[in-house]
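Residue numbers (our numbering): 1052 to 1401.
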C-alpha cells in the first residue's frame, strides 16, 4: 500500500520534469539553430562586403550573437514550459474555486476530478472531506431533531398524569361521603401518577434507563390499567372494555412505557373523540404478544393545538412500540379513528 502511494506521489513531479526536459531540449535546439544561423549570416554578410574583423571584433560579435540567441531561447523556454504547465495550473485554480463553492453551496460535485496525479487525488480527497462533513451535519441535525421531538413527547406525556392528579384532587375535594376504601383507592391512584411524573422527569434529565419488569400475570396488569383507563374517561365518555381474549400469561414488560401508552390513549380520547359515541378498548394477550385496540368516533370541531397534541401523542406511542419490537397501525376514515398496538412481552431484554 505504501509503495503504491509512493509511486502515485511521483506522477505530478515526473510530469513537471517531463515538461521541463522538453522545454529545455527545444530551447537548446532553438538556441543552436539561431546562433549558428545568425553567425553564418553575419559571416556571409561581411564576406560579401569585403570586411575583415579583428580578433577582438569577432569575439565581441560572437558574444553579442550568443547573448541575443540565449535571451530568445530563454523566452521561448519560459513560454513553452508555462504553456505545458498551464493545464495543471488551471486545474489547481479550478480546484481552489470549487473548494470555495463547496464551502458555500455544500456541493461535492463542484470539485472536478481529472487525470490520475496528485491534483486528482487532492480533488478526490476534498470531495470526500466535504461529503463526510455534510453527512456529519445531516446526522447532527437528525439527532437534534430527534432529541427535540423526544423532549416534546416527554413533556406531552408529563401533562397527562398531571391532569389526572388534578382531576383526582378535585374529586377528593368536592365529593362528599367518601368511604376510607374509596379515598385510599383515589390516593393510591394519585401516588401512582405522581411516581409516573417523577419517572418521566428523570428520563427528561437523563437520570434513568428504561427496564423491563417481570410480570407474573399480564391479564391482571391489563385489568388494572383498563380499570384506570375507564375511571378517567367514564365521566365524559361511554366506555366499552373487552378483556375476553386477554390470557393470564407471564412475561416481561416496561410498565412505565405501558402507562405512558395508556396515558396517550386517554389523552387522545379526551382531545379527539366524540363524547356522544362510545369508546372501545380491546386488550388481547396471547402467545407472548400484547395487542391494544382503541376505537372511537371523531368529534367534528378540532382546533390546531389539539391536532398537534394528537400527533405528538401518536409519535410517542410509535417510539415506545418500536422500542419493544412491536407494531403500530392507525386507521382514520369516515369519522372513525382506530389505533392498534402490538407489543411482545416475551422474556427478552429491552
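Quick reminder that beta carbons are idealized off the backbone N, C-alpha and C, glycines included.
| Query | Result |
| --- | --- |
| Alpha helix (DSSP H) containing residue 1095: first to last residue? | 1062-1099 |
| Roughly how many angstroms separate the alpha carbons of residue 1094 and residue 1121, rounded to a whole number? | 19 Å |
| Taking the runs of the beta strand (DSSP E) that are 3 residues or longer, which of them lie wholly in the segment 1273-1345? | 1290-1293, 1302-1304 and 1330-1337 |
| Taking buried to mean at least 16 other C-beta atoms within 10 Å of its own C-beta, is residue 1177 buried or exposed? | buried |
| Starting from residue 1017, follow the beta strand (DSSP E) in both directions and report where the run begins and ends. | Residue 1017 cannot be examined here, being either before or after the span of the chain that is shown, 1052 to 1401. |
| Would you mind giving the Cβ-Cβ distance between residue 1263 and residue 1303, rounded to the nearest angstrom? I have them listed as a contact below 8 Å. | 4 Å |
| Return helix, strand or coil for residue 1249, following the three-state DSSP convention. | helix |
| Am I right that residue 1204 and residue 1367 are in contact with their C-beta atoms under 8 Å? What's the rounded C-beta distance? | 4 Å |
| Output the boundary residues of the beta strand (DSSP E) element that contains residue 1104. | Note, residue 1104: premise wrong, no beta strand (DSSP E); not H, not E. |
| If you follow the beta strand (DSSP E) that residue 1397 is in, where does it begin and where does it stop? | Looking at the DSSP string, residue 1397 is not in any beta strand (DSSP E), and its letter there is neither H nor E. |
| State the Cα-Cα distance for the pair residue 1390 and residue 1318, rounded to the nearest angstrom. | 13 Å |
| Would you decide whether residue 1244 is buried or exposed? Buried here means 16 or more other CB atoms lie within 10 Å of its CB. | buried |
| Residue 1140: buried (16+ other C-beta within 10 angstroms of its C-beta) or exposed? | exposed |
| In whole angstroms, give me the CA-to-CA distance for residue 1379 and residue 1174. | 47 Å |
| DSSP three-state call for residue 1229: helix, strand or coil? | coil |
| Can you tell which of 1279, 1112 and 1075 has its C-alpha closest to the C-alpha of residue 1087? | 1112 |
| Hey, how far is the Cα of residue 1305 from the Cα of residue 1266? | 10 Å |
| Please tell me whether, using a cut-off of 6 Å, the distance from the CB of residue 1192 to the nearest non-hydrogen atom of the ligand ZN is below it. | Absence of the ligand ZN is noted for the structure shown, with no ligands found whatsoever. |
| Looking at the structure shown, is residue 1380 part of a helix, part of a strand, or coil, going by DSSP? | strand |
| For residue 1320 versus residue 1395, is the C-beta spacing smaller than 7 Å? | no |
| Do you know offhand how far residue 1361's Cα is from residue 1272's? | In this prediction, residue 1361 has a pLDDT of 49, which is less than 50 and means its spatial position is unreliable; what the coordinates show is noted afterwards. Rounded to whole angstroms, residue 1361 to residue 1272 spans 26 Å at the Cα level. |
| Once DSSP output is grouped into helix, strand and coil, what is the label at residue 1128? | helix |
| Just the C-alpha distance for residue 1079 and residue 1188, rounded to the nearest angstrom, thanks. | 56 Å |
| Identify which residue in 1323, 1325, 1342 and 1338 has its Cα closest to the Cα of residue 1332. | 1342 |
| What did DSSP end up calling residue 1348 once you bin it into helix, strand or coil? | strand |
| With burial defined as no fewer than 16 other Cβ atoms inside 10 Å of the residue's Cβ, what is the status of residue 1392: buried or exposed? | buried |
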